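Worksheet: one structure, shown below.
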Amino acid sequence: MLFKLEGLNRYYPPDKKIEIYIFTLEGALGDTRIYSTANAKIIVRFEGNSTKASLLYGGIKKDLGNIIVEVPSGQNAIYNYGQDEYITYVTPYACFLIPSTLKDTMLVKLLVFEQSEKYVLVYDNGYVKVYKISNEQH
Numbered sequence: 470m471l472f473k474l475e476g477l478n479r480y481y482p483p484d485k486k487i488e489i490y491i492f493t494l495e496g497a498l499g500d501t502r503i504y505s506t507a508n509a510k511i512i513v514r515f516e517g518n519s520t521k522a523s524l525l526y527g528g529i530k531k532d533l534g535n536i537i538v539e540v541p542s543g544q545n546a547i548y549n550y551g552q553d554e555y556i557t558y559v560t561p562y563a564c565f566l567i568p569s570t571l572k573d574t575m576l577v578k579l580l581v582f583e584q585s586e587k588y589v590l591v592y593d594n595g596y597v598k599v600y601k602i603s604n605e606q607h
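In terms of the working numbering, the sequence shown opens at residue 470 and continues consecutively.
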């Protein structure tokens, strides 16, 4: 995954710089993965057809809502939607916390497309997605 923050941050005021937090895999136990950084942890639990994630920071636990799980052997990422200030992007070896207010990345745009009835997925080979724009009023 590539984030071009230098280019994006050029258009944001200095006090509003975009930061993406990177957590590395610390360990796994059954269907639970623990990702960590110097002062925080993200615990990801794969439960049947859903995925749950929690952020542990400064002794406080916060449940995370927007979760994308990259499935290397599968065709598509798994996406669990929930109102949250972050998008949690989970890979086998790292986990990223991305501000959900960031509207200038293709990742966030694709998520918006997939939630909207205006865009219909017509092709997906695991690397490329093609959407058809629907002009119908819903």
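Glycine included, every Cβ here is placed at the ideal spot set by N, Cα and C. Everything numeric in this text was worked out from a predicted model, so none of it was measured.
Query: Identify, in the order they occur along the chain, each residue of the same chain with its Cβ nearer than 8 angstroms to the Cβ of L563, setting aside the five sequence neighbours on each side.; Result: Per the sequence presented here, residue 563 reads as Ala, with Leu not at that position. Counting only Cβ-Cβ distances below 8 angstroms, and skipping sequence neighbours, we find I491, F492, T493, L494 and Y504.
Query: Do the CB positions of R514 and T506 come within less than 7 angstroms of each other?; Result: no
Query: Nearest-angstrom Cα distance between K530 and S519?; Result: 19 angstroms
Query: Tell me whether V591 counts as near the ligand ADP, meaning its Cβ is closer than 6 angstroms to at least one heavy atom of that ligand.; Result: Absence of the ligand ADP is noted for the structure shown, with no ligands found whatsoever.
Query: How would you label Y555, buried or exposed, when you count the other beta carbons within 10 angstroms and need 16 or more for buried?; Result: buried
Query: Compare the C-alpha of V538 against each of A497, P561, N508 and G499 and name the closest.; Result: P561
Query: Could you name the residues that DSSP lists as bridge partners for E554?; Result: For E554, which the question treats as bridged, DSSP gives no partner whatsoever.
Query: What does the Cβ neighbour count give for L609, buried or exposed, with the cut at 16 atoms within 10 Å?; Result: Residue 609 is absent from the structure shown; the chain starts at 470 and stops at 607.
Query: State the CB to CB distance for the pair T557 and L533, rounded to an integer number of angstroms; the pair is presumed to be in contact (CB under 8 angstroms).; Result: 5 angstroms
Query: Which same chain residues end up closer than 8 angstroms to E516 when comparing Cβ atoms and leaving out the 5 residues on each side of it in sequence?; Result: D500
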